[in-house]
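Everything on this sheet refers to the single structure shown next.
2 protein chains.
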Amino acid sequence: MAADRSAMNGRGLGLTVAGQPQPERADAARNRKRIIDAAQRIVRSGGVEALYMEEVAQAAGVGVGTVYRRFGDRAGLAYALLDEREVELQQAFLAGPPPLGFGAPPVERIKAFLHALLDRLQEQSALLLVAETNSPHARYVSGAYRVHHAHLAGLVEQVRPGSDARYLADALLAPIGACLVTYQQDVTGMSLDRIKSGLDDLVDAISKPEN
Amino acid sequence: MAADRSAMNGRGLGLTVAGQPQPERADAARNRKRIIDAAQRIVRSGGVEALYMEEVAQAAGVGVGTVYRRFGDRAGLAYALLDEREVELQQAFLAGPPPLGFGAPPVERIKAFLHALLDRLQEQSALLLVAETNSPHARYVSGAYRVHHAHLAGLVEQVRPGSDARYLADALLAPIGACLVTYQQDVTGMSLDRIKSGLDDLVDAISKPEN
DNA sequence: AGCCTAACCGGAAGACATTCCGTTTACGAT
DNA sequence: ATCGTAAACGGAATGTCTTCCGGTTAGGCT
């Protein structure tokens, strides 16, 4: 399981790249909503640690099996909870004003984008941690990662033409993993600003002309 | 648990940075060895998926509790199994011949080091995946990461003086996480050479003079 | 040699995630 | 309306990891 997470939370929008997966049956859609509401309620009151699949099911008034059929696994559910904010984020860099959106020079857009990801991480680190932790590839398989990657690769291509932009995009997203960043902050006491500066420096390095 | 993994597999050497944690009792040391041997046997025959804590315990002729007291959790055990190779690696870049060891220009040493990490990852991806997956911070808390980080930071400092070398070291290690790399290779079909080239490019970018 | 205690031991109990499968239901086709 | 079937449902069962705790023991000290 968790293999095709993208097909799973397909109705979640932001997290999926989806090729219209075929409509959901009425009862299924209703339960999906109930489950998300219940999960949100639980997280709000008790934090992510309290997000037990069985409790979610009970709070939503469905069986555990239903939660799994709908979201694949715990990570999938976590992603679904992140979706709302993810959609905002995507709109901001796809259609919003500069520097995140179109209009600013690519270097600035990259920096703004990475900063935005970090800010989001600040708010939702616990949830992201769960989402990234269960099943090793969860993060990358999620539609969100693909969208971020595509966006970033496009910008990198402009800033460092002829490079392997797709690889560099992965490399720039890697330091923004929830695991690393929370470690940097919580364990090594690195400040958010320091992290942002470090990333900016990296981006500058990449965008200097090849020769 | 898993909080102080570094203190856990302390006798593992390579993975720990250890401040001599105080000697282990004779029976404890004996059991540690038995457990590691058993675990190695199991992994060799059935792969990491077959590494059940209870089986390890049984094969080692000890109780499960003992495995946990000795290694903290499954990730800790996995790290212990990686230790032998890790020690080799550390000796290679700390005391071995160039380009990994002292003698080559810093840029080359960085590249060689990252390539070495990737090569190691190729051989032991399954084990590394387990080690990194359970408990989000496992990788960073491990002594191995700290050693790698310190080594890399030193080199980065030479190559890009005045930068935040410690941050950049994190950023260079991030794309070599087992999760990302196995994803790149297994899911997106990226070749090892491509990954290495990408990293080399990144390193070159970093080492160009600031202006 | 005998004592004391911190460190160890084993394995049953507990906690969750995930799967399985027999039953029920939505809804397009007839 | 009725029917047939793919899709959904619930929740007991299963599989693992991890914790707990009453009993044991190594080894420093006297």
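Protein chains in written order, with UniProt numbering: chain S, 1 to 211; chain Y, 1 to 211.
Each residue gets a CB set at the ideal place from its N, CA and C atoms; glycine is no exception.
Small disclaimer: the values here were computed from a predicted structure and weren't measured.
- Query: Can you find a CB in chain S that lies within less than 7 Å of the CB of Pro105 (chain Y)?
  - Reply: Contact with chain S is absent for Pro105 (chain Y), since none of that chain's Cβ atoms lies less than 7 Å from the residue's Cβ.
Q | Amino acids of chain Y, ordered along the chain, whose beta-carbon sits closer than 7 Å to that of Ser163 (chain S) | A | By Cβ distance, chain Y contributes Asp201.
What do you get for Ala169 (chain S), buried or exposed, if any count of 16 or more other CB atoms within 10 angstroms of its CB means buried? Counting the other Cβ atoms within 10 Å of the Cβ of Ala169 (chain S) gives 16 or more, which makes it buried.
field: Start-to-end residues for the alpha helix (DSSP H) that takes in Thr134 (chain Y)
entry: Looking at the sequence provided, one finds Asn at residue 134 (chain Y) rather than Thr. Per DSSP, Asn134 (chain Y) belongs to no alpha helix (DSSP H) and is neither H nor E.
**Message:** With the cut-off set at 7 Å, would you say Val159 (chain S) and Pro106 (chain S) are in Cβ contact?
**Reply:** Their beta carbons are under 7 Å apart, which means Val159 (chain S) touches Pro106 (chain S) by this criterion.
Original post:
Thinking C-alpha only, which one of Y:Gly162, Y:Asn134, Y:Met53 is nearest Ile206 (chain Y)?
Top reply: Nearest in C-alpha terms to Ile206 (chain Y), of all of Y:Gly162, Y:Asn134, Y:Met53, is Y:Gly162.
Open item on the list: To be precise: take each residue of the stretch 166 to 177 of chain Y, compare its Cβ to all Cβ atoms of chain S, and keep it if any distance is under 7 Å. Which residues remain?
Closed with: Of all residues in the stretch 166 to 177 of chain Y, those with a C-beta nearer than 7 Å to a C-beta of chain S are Tyr167, Leu168, Asp170, Ala171, Ala174, Pro175, Gly177, reading in chain order.
CA-CA distance, Val187 (chain Y) and Glu54 (chain S)?
-> About 32 Å.
Return the chain-ordered list of same chain residues with a C-beta closer than 6 Å to the C-beta of Thr66 (chain Y), the five sequence neighbours on each side being excluded.
Spatial neighbours of Thr66 (chain Y) in its own chain (CB-CB distance under 6 Å, excluding positions within 5 residues in sequence) are listed in chain order as Asn31.
How close, in whole Å, do the beta carbons of His151 (chain Y) and Tyr183 (chain S) come, if the pair is a contact with beta carbons under 8 Å?
Not quite, the Cβ-Cβ distance comes to about 18 Å (not below 8 Å), so this is no contact.
Worksheet item: Within 7 Å (strictly less), CB to CB, does Leu117 (chain Y) reach chain S?
Response: Between Leu117 (chain Y) and chain S, the shortest Cβ-Cβ separation is not below 7 Å.
Return the residue from the list S:Leu173, S:Val64, S:Leu129 that minimises the CA-CA distance to Arg146 (chain S). For Arg146 (chain S), the nearest C-alpha among the options comes from S:Leu173.
query = According to the Cβ coordinates, are Leu155 (chain S) and Ile110 (chain S) closer than 7 Å?
reply = Between Leu155 (chain S) and Ile110 (chain S), the gap from beta carbon to beta carbon is short of 7 Å.
**Asked** Taking the DSSP output, what are the residues bridged to Phe102 (chain S)?
**Response** Note: Phe102 (chain S) sits in a beta bridge opposite S:Ala104.
TODO: State yes or no: is the beta carbon of His137 (chain Y) nearer than 7 Å to at least one beta carbon in chain S?
DONE: His137 (chain Y) counts as touching chain S.
- Task: Please list the partners that Val56 (chain S) has in chain Y, where partner means a Cβ-to-Cβ separation under 8 Å.
- Result: Those do not exist, as Val56 (chain S) stays about 21 Å from chain Y at its closest Cβ, beyond 8 Å.
Notebook entry, point to check: Applying a beta-carbon distance threshold of less than 9 Å, which residues of chain S neighbour Gly198 (chain Y)?
Noted result: Correct list: Ser163, Asp164, Arg166, Tyr167, Leu168, Asp170, Ala171.
Subject >> Coil, strand or helix - Gly72 (chain S) by DSSP >> reply: Gly72 (chain S): coil per DSSP, three-state reduction.
Hey, how far is the Cα of Leu117 (chain S) from the Cα of Ile176 (chain S)? Roughly 7 Å separates the two Cα atoms.
- prompt: Three-state secondary structure (DSSP) at Asp170 (chain S)?
  reply: If DSSP states are grouped into helix, strand and coil, Asp170 (chain S) belongs with the helices.
Distance, His149 (chain Y) Cα to residue 213 (chain S) Cα:
This structure does not reach residue 213 (chain S), given that chain S is present from 1 up to 211, and the question cannot be answered.
Is there at least one Cβ from chain Y nearer than 7 Å to Ile206 (chain S)'s Cβ? It does; some Cβ of chain Y falls within 7 Å.
task = Starting from the N-terminal side, write out each stretch of the alpha helix (DSSP H) that is 4 residues or longer and does not extend beyond the UniProt domain "HTH tetR-type" (29 to 89) of chain S.
result = Complete alpha helix (DSSP H) runs here, min 4: 53 to 60, 64 to 71.
- Taking Cβ positions, are Ala178 (chain S) and Arg166 (chain S) nearer each other than 7 Å? No; because the gap between Cβ atoms is not below 7 Å, this pair is not in contact.
Residues of chain S with CB closer than 7 Å to the CB of Leu129 (chain Y), please, in chain order. Here the neighbours are Pro136.
Proximal chain Y residues relative to Arg194 (chain S), where beta-carbon distance stays under 8 Å:
What Arg194 (chain S) touches in chain Y: Asp164, Tyr167.
**Asked** Quick one, which of Y:Asp200, Y:Ala92, Y:Ala80 has its alpha-carbon nearest Gly143 (chain Y)'s?
**Response** Checking every option, the nearest Cα to that of Gly143 (chain Y) belongs to Y:Ala80.
- Message: Out of Y:Asp204, Y:Ile36, Y:Ala75, which one is the CA nearest neighbour of Val130 (chain Y)?
- Response: Taking only the C-alpha atoms, the option nearest Val130 (chain Y) is Y:Ala75.
Shorter than 7 Å from the beta carbon of Leu77 (chain Y) to some beta carbon of chain S?
Chain S places no beta carbon closer than 7 Å to that of Leu77 (chain Y), leaving this residue out of the contacts.
Inset, instruction - Give a single yes or no on whether Gly47 (chain S) has its beta carbon closer than 6 Å to a heavy atom of the ligand GTP. - result: As for the ligand GTP, it is missing from this structure, which has no ligand bound.
- Task: With 7 Å as the threshold, decide whether the Cβ of Tyr145 (chain Y) is near any Cβ in chain S.
- Result: It does not: the Cβ of Tyr145 (chain Y) has no partner Cβ on chain S nearer than 7 Å.
- Helix, strand or coil at Thr182 (chain Y) [DSSP, three-state]: It is helical.
Notebook entry, point to check: With 7 Å set as the bound, which would you pick, yes or no: does the beta-carbon of Tyr183 (chain S) sit closer than that to a beta-carbon of chain Y?
Noted result: Under the Cβ distance rule, Tyr183 (chain S) counts among the residues neighbouring chain Y, one pair being separated by less than 7 Å.
How should Gly103 (chain S) be labelled, buried or exposed, when 16 other C-beta atoms within 10 angstroms of its C-beta is the threshold for buried?
Exposed.
**Where Asp201 (chain Y) falls: helix, strand or coil (DSSP)** = Residue state, collapsed to three classes: helix.
Problem - Simplified DSSP state of Asp164 (chain Y), which is helix, strand or coil - result: Correct three-state label for Asp164 (chain Y): coil.
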